[in-house]
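Some notes on the structure that comes next.
Chains as they are written, first to last, in the working numbering: chain A, 34 to 394; chain B, 33 to 352.
Right, dumping it as structure tokens:
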């Protein structure tokens, strides 16, 4: 080796399939021959959007707590959910409504969680999935640990971890990737680069040209995809999962999207974000292009759209009704899940809590 | 209260060019609670730094800056997010002066919201002061009014050692008070006697002072005279004020929002038992958060001790 010689070179490939106008800008994935799957991808994205709009409205009218909207992220969220197998395990941040829907989580669960009720973490149809993870980046080591468990037991399963652009600044992100690379774990990490960590743009978060390249130092292959294109997200994640499942090790996928909403309902993004940028991002949002694509292929029409919107609205209204009719938990619930069995010393406190709760108007 | 905190920042930044504000969303956005609103516009980006999203980094970088002669005033966005920063706080911030025999020091302030009661999401409502008070080398302050927040934050920034500054979220908007912007600091390491009384001493801090004062008002209608002490500096505690009061009243009730077990109330009770046991006319009592995880918001007011629990605590203290 000579001094000055390059000892390693890397590149980050970019992939897209559907352009923002719904035309093709890359090869159609093989699964695109499954017309019903294509329609289902679109349906769940619309379902997430209709739900999301209602959830924001509920918060605005005082019927829901702080809520982090998923507006604009639907393609990434749904694409990931659809690429996973039921036996894989999902580790989300807190915005991935579309992924949760695909995993069989009810609208009611999501409403309960953001409505201040722990029962919203009771995912009946995906019982090994972790609940939303609010402390930024801290889900990453859990996903690595689950992947290590699959590897130790020789199971053909994968852990799928979401993280945001801000989350990639956390130590836990690097620590988890390092382990995943070192042990070639069946872990797929999807970095949802929605450009804003509350008020901090990616350009202020890091000097790295891409977030995908953060995987390189961990020896993990990575790529960037158009996160507003549900087809390419599903394809890239599916490939990564199948490689991981067959012992090929981890992958990091950076999905480029845009947070069209405020960070949460407690935030006001107009304080820090130029309106023109948001308007431009609305023009490349994920739903319109998928609908245009489906229509261009003869798989969708206005009648189908009307029926879907009606069906989603009815499902959302039914879930909201059920949510609003759900009485709050008893104070016992604060105690009953702390340990497998309540330590004797806590029984008196549980009684106290009952007593004072009963005094409340 | 949040305006008073903002005002104290601005005063000290204007007075002392070494004061640097840093944290997540503190600059352009002015902080998620608006505590640093307008500071970046007024003092520039070098003095109000938006950091990457990493609490360990914020605490650790503040240590490096402080050792270089700057006065970092760093924000952790919510107390529930302090855990990644604890390594830096415990392993370095609290110890740097001691382990270098005074060669390097950490004059910095680490601010964060404290407690619940505002319908916030999971991990946004924690009361973790005991975690911090357990580390010698730190000062921990928890103001209970806008004026005290203003004066104590000024004192914290001027202090030669690291100060953790806990800001009760329920008081951010609820506590309204005209505060004179005169740059006058209040003393660190002193309790504030918020109400004088002769029958029972209530020792509390942060947002629980508001409920304790209400409970004292209610008991006054029954002819019970409560002395209410705001501990204010949680570490190191001014025990003289507490002991003087207990000697006077002979009865002690401690009220805090944090969980009971290994909470700061236990330490206060232990000191009073050690120093004033024979002045007590009955057992020391505590009214605290339960030994549970802070619940999501539908039950948060069942967790946070309210006036009825404090009133019952006072009655129990007097009954013995």
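Backbone N, C-alpha and C fix where the C-beta goes; we use that ideal spot for every residue, glycine too.
Margin query: Suppose contacts are defined by Cβ-Cβ distances below 8 angstroms. Is residue 282(B) in contact with residue 313(B) by that definition?
Written below: Yes, the pair counts as a contact, with Cβ atoms nearer than the cut-off.
Next item on the list: Measure from the alpha carbon of residue 333(A) to the alpha carbon of each residue in 255(A), 381(A), 74(A), 59(A), then state which is nearest.
Entry: The shortest Cα separation from residue 333(A) among 255(A), 381(A), 74(A), 59(A) belongs to 74(A).
Check: Checking contacts by CB at 8 angstroms: is residue 76(B) closer than that to chain A?
Finding: Residue contact check for residue 76(B) against chain A: no CB pair falls below 8 angstroms.
Check: What are the complete beta strand (DSSP E) segments, minimum 3 residues, inside the segment 212-254 of chain A?
Finding: If we require 3 residues or more, the beta strand (DSSP E) runs fully inside the segment 212-254 of chain A come out as 220-226.
Next item on the list: Could you check the C-alpha separation between residue 381(A) and residue 98(A) for me, to the nearest Å?
Entry: Distance between the alpha carbons of residue 381(A) and residue 98(A) is about 31 angstroms.
Note to self: Can you tell me whether residue 349(B) is helix, strand or coil according to DSSP?
What the structure shows: Helix, per DSSP.
Check: Would a C-beta distance cut-off of 8 angstroms place residue 254(A) and residue 113(B) closer than the cut-off?
Finding: No, they are not a contact pair.
Check: Cβ of residue 307(A) less than 8 angstroms from any chain B Cβ?
Finding: No, no contact with chain B.
Note to self: Looking only at its chain, what residues have a beta carbon closer than 6 angstroms to the beta carbon of residue 248(B), apart from the 5 residues adjacent to it on each side?
What the structure shows: These residues qualify, in order along the chain: 227, 258, 260.
Check: Using DSSP with H/G/I as helix, E/B as strand and the rest coil, what is residue 208(B)?
Finding: Here residue 208(B) sits in coil by DSSP.
Next item on the list: Would you list, in chain order, the members of the segment 225-255 of chain A that have their beta-carbon closer than 8 angstroms to a beta-carbon of chain B?
Entry: Among the residues of the segment 225-255 of chain A, those with a Cβ less than 8 angstroms away from any Cβ of chain B are 230, 231, 232, 233, 237, 238, 239, in the order of the chain.
Check: Can the beta-carbon of residue 123(A) be found closer than 8 angstroms to that of residue 132(A)?
Finding: Between residue 123(A) and residue 132(A), the C-beta spacing is below 8 angstroms.
Notebook entry, point to check: From what residue to what residue does the alpha helix (DSSP H) around residue 243(B) run?
Noted result: For residue 243(B), the uninterrupted alpha helix (DSSP H) run begins and ends at 240-252, by DSSP.
Margin query: Between which residues of its own chain and residue 181(B) is the CB-CB distance below 6 angstroms, once the five residues before and five after are set aside?
Written below: Counting only Cβ-Cβ distances below 6 angstroms, and skipping sequence neighbours, we find 33, 36, 37, 175.
Checklist line | Opening and closing residue of the beta strand (DSSP E) in which residue 95(B) lies | finding: Premise fails: residue 95(B) lies in the alpha helix (DSSP H), 87-99, not in any beta strand (DSSP E).
Check: In chain B, what lies closer than 8 angstroms to residue 196(A) by C-beta?
Finding: Neighbours of residue 196(A) on chain B: none; closest Cβ ~11 angstroms, over 8 angstroms.
Notebook entry, point to check: What is the DSSP secondary structure of residue 259(B), counted as helix, strand or coil?
Noted result: Three-state result, residue 259(B): strand.
Next item on the list: Consider the Cβ of residue 168(A): report whether some Cβ of chain B lies at a distance smaller than 8 angstroms.
Entry: Look at residue 168(A): its C-beta is under 8 angstroms from a C-beta on chain B.
Notebook entry, point to check: So residue 318(B) packs on residue 348(B), CB below 8 angstroms; how close in whole Å?
Noted result: Between residue 348(B) and residue 318(B) the Cβ distance is about 10 angstroms, and since that is not below 8 angstroms, they are no contact.
Next item on the list: Mind listing, in chain order, the continuous alpha helix (DSSP H) runs of no fewer than 4 residues lying wholly within the segment 350-381 of chain A?
Entry: Positions of the alpha helix (DSSP H) runs, each at least 4 residues long and wholly inside the segment 350-381 of chain A, are given as 365-369 in order along the chain.
Item checked: Beta-carbon spacing of residue 327(A), residue 226(A) below 8 angstroms -> When the beta-carbon positions are compared, residue 327(A) and residue 226(A) stay at least 8 angstroms from each other.
Note to self: Restricting to Cα atoms, I'd like to know which of 69(A), 63(A), 390(A) is closest to residue 333(B).
What the structure shows: Ranked by how close their Cα comes to the Cα of residue 333(B), the residues 69(A), 63(A), 390(A) have 390(A) in first place.
Item checked: Cβ of residue 357(A) within 8 angstroms of any chain B Cβ -> Chain B contact via Cβ: absent.
Check: Just checking my contact of residue 354(A) with residue 330(B) at CB under 8 angstroms: how many whole Å lie between their CB atoms?
Finding: With a contact defined as Cβ atoms closer than 8 angstroms, residue 354(A) and residue 330(B) miss out at about 18 angstroms.
Note to self: So residue 85(B) contacts chain A; which residues on that side make the cut at Cβ distance below 9 angstroms?
What the structure shows: For the C-beta of residue 85(B), the chain A residues within less than 9 angstroms are, from N- to C-terminus, 169, 170, 197, 198, 199, 200, 201, 202, 203, 230, 231, 233, 238.
Item checked: Rounded separation between residue 342(A) and residue 107(A) - CA only -> Roughly 16 angstroms separates the two Cα atoms.
Note to self: To the nearest angstrom, how far is the alpha carbon of residue 233(A) from that of residue 297(A)?
What the structure shows: The straight-line gap from Cα to Cα measures roughly 14 angstroms.
Notebook entry, point to check: Is it buried or exposed for residue 191(B), if we count other Cβ within 10 angstroms and need 16 for buried?
Noted result: Answer is buried; the Cβ neighbour count reaches 16.
Notebook entry, point to check: Between the segment 153-176 of chain B and chain A, which residues of the former have a C-beta closer than 7 angstroms to a C-beta of the latter?
Noted result: Here the close residues are 153, 154, 155.
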